[in-house]
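Student:
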Amino acid sequence: MKRYKNTSLAYRHGAFTPLTVYFLFILGTFAVSCESNYSDIMPDSNNSYISFSTRSQGSSASINTDNVDNEDKVETIRLLIFTHATGELRYNKTHAVADFQNYAAKIPVKADTYDFYFVANENSSIATALQKITFRDELYYVPALAEIPFESINTKPAIFYMTAQVSNKKVTTANSIDNPLKVDVLLVRALAKVSLQVTSALNEMSQGVTLTGITLNNIPKYYSLFPSKSVYKGSTESQRLEGIEAADYAQSTVFNKSFYIPEYLRANGSENNGNTSLTFGYAKHGVERAASTVLNHISFAESADSYVPSNKNELTTYSVIRNTQYTLNAQIKGWDEESIIFGWKILPWTLESSIKDFDEIKMDPPGNFENQPGVEIGAGDGNILLLHSGIANSITIKAKIKSPAGAVWRFSITNTLDFEIKGNPEAAGIASDDEINLQIIARKPWQGYIRSTELYLTVNGAEVQLVPKYIRDKIKSGPGKRYMIQQVI
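Laid out in structure tokens, this is it:
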């Protein structure tokens, strides 16, 4: 019987020469690289081109300039391109930051309409999930991207996830390599920032008052990489802030702390339950008490500096919004009444947000209080407004906030237990020539002791002085330097 050589087996064994092994290695490497650097656009003379310039959200162009907290640090940026009409992936590649500065890199694409998605500072698990994306909607429901575990308010991230989305951009054949479509991109951090300052009035009543604990309530356990299109439906928790043992009660500034929290989108109508809040425990002579303040975003007004959720009409302002800095001043004032008073500023989170200067504010401040029945201006700086309970139980506030155009204003009081503020919806609005008409109403009748509350105004999140003497003397508005309304006999 004739014996035949098994050529296929001999071929398979004989093929594994050093040269072929090297070729297979190169081929395998190419296949892996295609997974993380995907593009279905092959370079040819018919391509159009796009280029990008990125910066962090806000008027201060800030990339890798914060050398203290690294809040604007960007190491890499991934670009994903999807066809706008179908959501199909067309490009997926991680770039060096320099590629997306001043339109440096020119990306080839076919003439079409696209959605561009950006991810800065991805970790390994996020990178793995992004490498497997094939359609746009997957960015919003893949667990590794939509349910990122939040660690702790006491753990500062070494680097912050940032994202951006630019939708419905048309690239034409006119966008050649010498004339690419230029797109500006604003990177938005996935977290929000809370800056807390505890101060002391340093008076006789505040002596001996010490903090026993600060707790942040109703923190989401998870957050999404890209802004969610729906309200948060997961669970929340409370966490205790560390570090208050370093408080120095002999100083006017007792304690400073910044920390980071996840976005918490909440539906309209949910304001009465589950608000994010801070509870301050404090004590004097062994007696313990607590005071709380609720975080309120105040307004979703559009501006060049601020990030606004696309689904803002479905949300209550008692939501936590990503890339926002919530600054709280908590003043230890005394013990018997209004022991701790709170003042919030809501600002875009930029490198300069803590010293942000706004355009000039033009307003007609409240006045003519002495012409209201039962209202008297007390002695001193003219900031004490006495409300004689036998004659009246409210005081009227009339004012105009005329500019800057589009500015968001809000009147607030510090003691909502004994007083309430009524008038314009939520005592807030947009700058205009319309008159603001509010009432500060005492909730309870005179009961033998003075009740008081401070009245203050914020414009674009920054507190504005209302008291004429303090305006003339250029004294900034803040606890103790506001209008003080006192209910007297």
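Residue numbers for the sequence shown follow my numbering, so the first one is 2 and each next one is one higher. C-beta atoms are modelled at their ideal positions from N, C-alpha and C, and glycine is treated no differently. From a predicted model like this one, the values you see are computed outputs, not experimental measurements.
Under 8 Å: do the segment 230-246 and the segment 168-180 share three or more Cβ pairs, one atom per stretch?
Tutor: Not touching, per the Cβ criterion.
Student: Excluding the five sequence neighbours on either side, which residues of its own chain have a C-beta within less than 6 Å of the C-beta of Tyr261, listed in chain order?
Tutor: Contacts found: Leu192 and Lys194.
Student: How about Ala121 and Ile82: are their beta carbons less than 7 Å apart?
Tutor: No, they are not a contact pair.
Student: If you compare alpha carbons, which of Gln252, Thr55, Thr213 and Ser126 is closest to Tyr118?
Tutor: Here the closest residue by C-alpha is Thr55.
Student: Compute the Euclidean distance between the alpha carbons of Val33 and Ala128, then round it to the nearest angstrom.
Tutor: Note that Val33 has pLDDT 37, beneath the 50 cutoff, so the model's placement of it is unreliable and the number below is only indicative. Taking the straight line from one Cα to the other gives about 13 Å.
Student: How about Thr200: is its C-beta nearer than 7 Å to some C-beta of chain B?
Tutor: In summary, chain B is missing from the structure at hand, where a single protein chain is found.
Student: Taking the alpha-carbon positions, what's the Gln440 to Ile422 distance?
Tutor: C-alpha separation (whole angstroms): 6 Å.
Student: Between the alpha carbons of Asn297 and Thr213, how many angstroms are there, rounded?
Tutor: Roughly 24 Å separates the two Cα atoms.
Student: What are the residues that DSSP puts in a beta bridge with Trp410?
Tutor: For Trp410, which the question treats as bridged, DSSP gives the partners Gly430 and Val460.
Student: In whole angstroms, give me the CA-to-CA distance for Phe24 and Val321.
Tutor: Only weak support exists for where Phe24 lies, its pLDDT of 44 falling under 50; the value from the coordinates is given anyway. Answer to the nearest angstrom: the Cα atoms are 54 Å apart.
Student: For a test of the three-state rule: what should DSSP assign to Leu140, helix, strand or coil?
Tutor: Of the three classes helix, strand and coil, the one that applies to Leu140 here is helix, per DSSP.
Student: Does DSSP put Lys234 in a helix, in a strand, or in coil?
Tutor: Of the three classes helix, strand and coil, the one that applies to Lys234 here is coil, per DSSP.
Student: Around the Cβ of Asp73, are there at least 16 other Cβ atoms within 10 angstroms (buried) or fewer (exposed)?
Tutor: It counts as buried.
Student: To the nearest angstrom, report how far apart Lys222 and His96 are at their CA atoms.
Tutor: Each residue's Cα considered, the two are about 31 Å apart.
Student: With three or more C-beta pairs closer than 8 Å as the rule, is the segment 343-351 touching the segment 201-216?
Tutor: Not touching, per the Cβ criterion.
Student: Report all residues from its chain with a CB closer than 6 Å to the CB of Lys475; omit the five preceding and five following residues, and keep chain order.
Tutor: If we look at Lys475 and ignore the five residues flanking it on each side, it has no Cβ neighbours.
Student: Enumerated in chain order, which unbroken segments of the alpha helix (DSSP H) with a length of 4 residues or greater are wholly contained in the segment 125-205?
Tutor: Segments of the alpha helix (DSSP H) lying fully in the segment 125-205: 125-132 and 144-147.
Student: Restricting to Cα atoms, I'd like to know which of Gly282, Leu279, Thr280 and Pro228 is closest to Glu264.
Tutor: When each option's Cα is compared against that of Glu264, the closest is Pro228.
Student: Alpha carbons only, please: which of Ile154, Asn124 and Val184 is nearest the one belonging to Tyr162?
Tutor: For the residues Ile154, Asn124 and Val184, the minimum Cα distance to Tyr162 belongs to Asn124.
Student: Are Arg267 and Thr325 close, meaning C-beta to C-beta below 7 Å?
Tutor: Not closer than 7 Å, so no.
Student: DSSP three-state label for Phe301, please.
Tutor: Reduced to three states, the DSSP call for Phe301 is coil.
Student: Is it the case that the Cβ atoms of Gly375 and Ala393 are separated by a distance below 7 Å?
Tutor: Yes, they are a contact pair.
Student: Would you report the Cα separation of Lys285 and Gln332, rounded to the nearest angstrom?
Tutor: Cα to Cα, the separation comes out at about 15 Å.
Student: Within 10 Å of its beta-carbon, does Tyr327 have 16 or more other beta-carbons around it, so buried, or fewer, so exposed?
Tutor: Tyr327 is buried by the Cβ-count criterion.
Student: Less than 8 Å between the CB atoms is what I'm expecting for Gly275 and Asn314, so what's the real figure, rounded?
Tutor: In fact, because the Cβ distance is near 20 Å, the residues do not count as touching under 8 Å.
Student: Can you grab the Cα-Cα spacing for the pair Lys183 / Ala105, in whole Å?
Tutor: About 10 Å.
Student: Going by CA-CA distance only, name the one from Asn48, Leu188 and Ala130 that's closest to Phe101.
Tutor: Per the Cα distances, Leu188.
Student: Let me check one thing: in DSSP terms, what residues is Asp100 bridge-paired to?
Tutor: BP columns for Asp100 are empty, so no partner.
Student: Rounded to whole angstroms, what's the CA-CA distance from Asp113 to Tyr142? Just pull it up for me.
Tutor: Taking the straight line joining both Cα atoms gives about 26 Å.
Student: Can you tell me the Cβ-Cβ gap for Leu203 and Ser253, rounded? I've got them flagged as a contact below 8 Å.
Tutor: Correct: roughly 6 Å between the Cβ atoms.
Student: Is Phe26 helix, strand or coil when you go by DSSP?
Tutor: Low local confidence applies: a pLDDT of 41 at Phe26 is under 50, so the model's placement there is unreliable, and no value is given.
Student: Assuming contact is defined by CB atoms lying nearer than 7 Å, are Ser126 and Ala145 in contact in what I supplied?
Tutor: The answer is yes: Cβ separation under 7 Å.
Student: Excluding five sequence neighbours on each side, which residues of the same chain lie with their C-beta closer than 8 Å to the C-beta of Thr164?
Tutor: So the qualifying residues of the chain are Tyr118, Phe119, Val120, Ala121, Leu188, Val189, Ala191, Leu226, Phe227 and Pro228.
Student: Given a cut-off of 7 Å on the beta-carbon distance, is the pair Thr174 and Ser49 in contact?
Tutor: Yes, the Cβ-Cβ distance between Thr174 and Ser49 is below 7 Å.
Student: Taking the beta carbon of Asn176 as the centre, do at least 16 other beta carbons fall within 10 Å, making it buried, or is it exposed?
Tutor: So Asn176 counts as buried.
Student: Consult DSSP for Ile442 and reduce its assignment to one of helix, strand or coil.
Tutor: In this structure, Ile442 counts as strand in the three-state DSSP scheme.
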